[in-house]
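S.K.: Each residue of the first sequence is one higher than the last, beginning at 1 in our numbering.
Just dropping this structure here.
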Amino acid sequence: MTITRFAPSPTGYIHIGNVRSAIYPYLVAKQEQGSFILRIEDTDQARYVEGATELILDTLKWLGLEWDEGPEKGGEHGPYYQTQRKDLYIEWAKKLIAEGRAYADTTTPEEMAKYREEAQKAKKPFLFREHRPENPPEWKLGMPLRFKAEPKDYTYEDAVYGELHMGPETQDDIILIKSDGLPTYNFAHIVDDSSMGITHIMRGQEYLPSMGNYLALYEALGVPRPVFVHLPHILGPSGNKKLSKRDGAKSVTDYRNDGILPEAMLNYLACLGWNDGTEDEMYTKEELIEKFKLDRIQRAGARFDETKLLWLNGQWIRRRFAEDPKKLFAETANFWPESAKNVSDEEKYKIFCIIYDRLKTLSDLRTMTTYFFEDPTIDMSMIQTNKALKKLSESELCQILSDAANGLSELNEWSAEMLQNKLNELMAKSQQKPAVFFGLIRLSVSFAPFSPALHDTLSVLGKEKALARMHAVVTAFKNDQQ
RNA sequence: GGUCACGUCGUCUAGUGGUUAGGACUCCAGGUUUUCAUCCUGGCAAUCGUGGGUUCGAUUCCCACCGUGAUCACCA
Numbered sequence: 001m002t003i004t005r006f007a008p009s010p011t012g013y014i015h016i017g018n019v020r021s022a023i024y025p026y027l028v029a030k031q032e033q034g035s036f037i038l039r040i041e042d043t044d045q046a047r048y049v050e051g052a053t054e055l056i057l058d059t060l061k062w063l064g065l066e067w068d069e070g071p072e073k074g075g076e077h078g079p080y081y082q083t084q085r086k087d088l089y090i091e092w093a094k095k096l097i098a099e100g101r102a103y104a105d106t107t108t109p110e111e112m113a114k115y116r117e118e119a120q121k122a123k124k125p126f127l128f129r130e131h132r133p134e135n136p137p138e139w140k141l142g143m144p145l146r147f148k149a150e151p152k153d154y155t156y157e158d159a160v161y162g163e164l165h166m167g168p169e170t171q172d173d174i175i176l177i178k179s180d181g182l183p184t185y186n187f188a189h190i191v192d193d194s195s196m197g198i199t200h201i202m203r204g205q206e207y208l209p210s211m212g213n214y215l216a217l218y219e220a221l222g223v224p225r226p227v228f229v230h231l232p233h234i235l236g237p238s239g240n241k242k243l244s245k246r247d248g249a250k251s252v253t254d255y256r257n258d259g260i261l262p263e264a265m266l267n268y269l270a271c272l273g274w275n276d277g278t279e280d281e282m283y284t285k286e287e288l289i290e291k292f293k294l295d296r297i298q299r300a301g302a303r304f305d306e307t308k309l310l311w312l313n314g315q316w317i318r319r320r321f322a323e324d325p326k327k328l329f330a331e332t333a334n335f336w337p338e339s340a341k342n343v344s345d346e347e348k349y350k351i352f353c354i355i356y357d358r359l360k361t362l363s364d365l366r367t368m369t370t371y372f373f374e375d376p377t378i379d380m381s382m383i384q385t386n387k388a389l390k391k392l393s394e395s396e397l398c399q400i401l402s403d404a405a406n407g408l409s410e411l412n413e414w415s416a417e418m419l420q421n422k423l424n425e426l427m428a429k430s431q432q433k434p435a436v437f438f439g440l441i442r443l444s445v446s447f448a449p450f451s452p453a454l455h456d457t458l459s460v461l462g463k464e465k466a467l468a469r470m471h472a473v474v475t476a477f478k479n480d481q482q
């Protein structure tokens, strides 16, 4: 049975640079009807951040990456916090000690610093094993425990990078158990993955240089190697640097607050550095589960491109609307402008239906719908600088708008359909081009750079408001002329 | 510095010993009895990192170089 895991350490939020190491194992587990385990690697007390675990769980839930075993869920391979698995690491460590493959390290920090400095001066990589003590004392809790390396050549297969080699120079006496009694990642992850029956481990390629040590540990521990899947880095938008929090990588949930749909986020991230060989761009979670293939993961790092995410999000908004507009609408609750606070959902839904297809993010609602809820500030310069409108004089524009308002006021049934007919009729009468006639009315009622189709906008606005705004602009024209 | 990995339009990518090197995003132009957006059509854009080989022929195979990234913790 396939068992994969995502094993974050609770030191902060999940950012877009490392969320793929949650997505891919999830896809693989689901594809093979296996199990996806969430394990919290909380062995570093110093970097532990209160609330980080909750943030991580929240992010996974939002993306729809439900874990089969882990925090909140339990399962047969628990516990799922490394601090609760302490005894296990000690037990495994004692086996290594018994076999002479681990020893107590009594080096002082001063000595360590000296060794490092020497190595640096000699322009050689620092290897602790060159300073391995002759007769180390018996190991007790409270002392660092080191692995006793027996450096050699290793060859292994990586699902994305293919056959890889690690020479003796990559292997050292790494710390297994720290002086605080907790294991290091290097040791803990192997113990856990083995005891949990993990079949595939997926992680960032920054672990590649450590593979020599890991391979030695698998061997010394006498446990089988899992399938190794190292993922290339996601690079920042401008530079070539690996995306990291230090350089301002946003958290995945920041994008939720920006109005990105989880479907779009998952889709975009999954396809950053992976494709199924076709020219398709949009995938649902189910399609990803079906089509995902490890060997089609890209080997080179990919740059994170927010523009394409935005485009994809727009696509997803339209798709989700077509599938279930009410459900999508329910997700817009936090994205309306302040002035819409007391407006009924029914009213907002009407607006949503006519504007959804020009949104790139849900948060666009905040800036693109304000004129539905409050009278816009009259800004005559928008009319004066409009490409089509600036060709006409103010008195002409005033006349057209005034005639339009009068014509519209005769309309009894203020529906989108009736408005469309009436507007066309009035335009014919005015002998103006659509760009002029509709553009003028549109600006008069909205003073916004974009808005939905005019008849829809007017209909949702209501007869009274729409006409009042048009009259206000007519008045403004007249004042200008005096 | 050692080690490891990577290198096709600006970006994400497809691709094969012989292709007009394909698609998507961005950008530009045109179109849709209505602006903006959507949508449609078209366009710009990669001498496939560079230099050597192997070959009738190389983006594709080999080597070297260059460039980029990662890593060398009692962090993960």
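Backbone N, C-alpha and C define an ideal beta-carbon position, used for all residues, glycine too.
Please read all numbers here as calculations on a predicted model, not as lab measurements.
1. Which stretch, first to last residue, makes up the beta strand (DSSP E) that contains M202?
2. Could you check whether H200 and V223 sit closer than 9 Å to each other, using their CB atoms as the reference points?
3. Taking W274 as the reference, give the member of L235, F352 and Q298 with the closest Cα.
4. Okay, do the segment 407-424 and the segment 445-464 touch, 3+ Cβ pairs below 8 Å being the bar?
5. Pair every Cβ in the segment 133-144 with every Cβ in the segment 69-80, then say whether three or more of these pairs are closer than 8 Å.
6. Since A302 and I234 are thought to touch, with beta carbons under 8 Å apart, how far apart are those beta carbons, to the nearest angstrom?
7. So, under 8 Å CB-CB, F335 and R366 are touching, yes? Tell me the CB distance rounded to an integer number of Å.
8. In chain order, which alpha helix (DSSP H) runs of at least 4 residues are fully inside the segment 322-397?
9. Mark H165 as exposed unless 16 or more other C-beta atoms lie within 10 angstroms of its C-beta, in which case mark it buried.
10. Under a Cβ-count criterion, where at least 16 other Cβ atoms within 10 Å of its own Cβ denotes burial, should Q45 be classed as buried or exposed?
11. Of the choices Q384, K327, S381 and E338, whose alpha-carbon is the least far from that of Y356?
12. I'd like to check one pair, T53 with P183: are the Cβ atoms closer than 9 Å?
13. With H, G and I counted as helix, E and B as strand and the rest as coil, what does DSSP make of A104?
14. With three or more beta-carbon pairs closer than 8 Å as the criterion, would you say the segment 26-45 touches the segment 55-71?
15. Assign A188 to one of three DSSP states: helix, strand, or coil.
16. Could you work out which residue in K341, F128, A322 and L208 is closest to G162 when comparing CA atoms only?
17. Since R299 is in the alpha helix (DSSP H), which residue starts that stretch and which ends it?
18. Can you tell which of S194, Y48, N412 and K86 has the C-alpha that lies nearest to the C-alpha of I3?
19. What three-state label does DSSP hand H15 in the structure shown?
20. Would you call the segment 360-377 in contact with the segment 400-410, where contact means no fewer than 3 C-beta pairs closer than 8 Å?
21. Could you check what DSSP says for I174 in three-state terms: helix, strand or coil?
22. Do L443 and M368 have their C-beta atoms closer together than 9 Å?
23. With which residues is I234 paired in a DSSP beta bridge?
24. Inspect the beta-carbon positions of F128 and I56 and report whether they are closer than 9 Å.
25. Quick one: is P133 buried, meaning 16 or more other Cβ sit within 10 Å of its Cβ, or exposed?
26. CB E130 to CB Y115, shorter than 9 Å?
27. Let me know the secondary structure DSSP gives E69 once reduced to three states.
28. Considering only residues of the same chain and omitting the five flanking positions on each side of Y218, which have a CB-CB separation below 6 Å?
29. What is the rounded straight-line gap between the Cα of L63 and the Cα of V252?
30. Which residues mark the beginning and the end of the alpha helix (DSSP H) in which G162 is found?
31. Residues in its own chain within less than 6 Å of E374 by CB, not counting five upstream and five downstream?
32. In this structure, what does DSSP give as the bridge partners for L38?
33. Where L231 and P449 are concerned, what is the direct C-alpha to C-alpha distance, given to the nearest angstrom?
34. Measure the C-alpha to C-alpha separation of I198 and K121 and round it to an integer number of angstroms.
35. Just confirm the distance between the C-beta atoms of I400 and L440, as a whole number of angstroms; I'd bet it's less than 8 Å.
36. Under 8 Å from any heavy atom of the ligand MG, does the C-beta of R47 make it?
M.R.: Walking through what the data contain:
1. In the DSSP assignment, M202 falls within the unbroken beta strand (DSSP E) covering H200 to G204.
2. For the 9 Å CB-CB criterion, V223 and H200 do not form a contact.
3. Looking at the Cα atoms, Q298 is the closest of the given residues.
4. yes
5. no
6. 6 Å
7. 6 Å
8. 325-330, 345-355, 364-368, 370-373 and 380-384
9. H165 sits exposed, since fewer than 16 C-beta atoms from the chains shown fall within 10 Å of its C-beta.
10. By the 16-neighbour rule on beta-carbons within 10 angstroms, Q45 is exposed.
11. Answer by Cα proximity: K327.
12. The answer is no: Cβ separation not under 9 Å.
13. When DSSP states are grouped into helix, strand and coil, A104 belongs to the strand group.
14. yes
15. helix
16. Checking every option, the nearest Cα to that of G162 belongs to L208.
17. Premise fails: R299 is in no alpha helix (DSSP H) and is neither H nor E.
18. S194
19. strand
20. no
21. It is coil, neither helix nor strand.
22. no
23. A302
24. no
25. It counts as exposed.
26. yes
27. strand
28. Within the same chain, Cβ atoms closer than 6 Å to the Cβ of Y218 are found at R225, the five residues on either side in sequence being excluded.
29. Between L63 and V252, the C-alpha separation is close to 9 Å.
30. Careful: G162 lies outside any alpha helix (DSSP H), inside the beta strand (DSSP E) at G162 to M166.
31. S339
32. F6
33. 43 Å
34. 42 Å
35. About 6 Å separates the beta carbon of I400 from that of L440, a gap short enough to meet the 8 Å contact definition.
36. Looking for the ligand MG in the displayed structure turns up nothing, as the structure carries no ligands at all.
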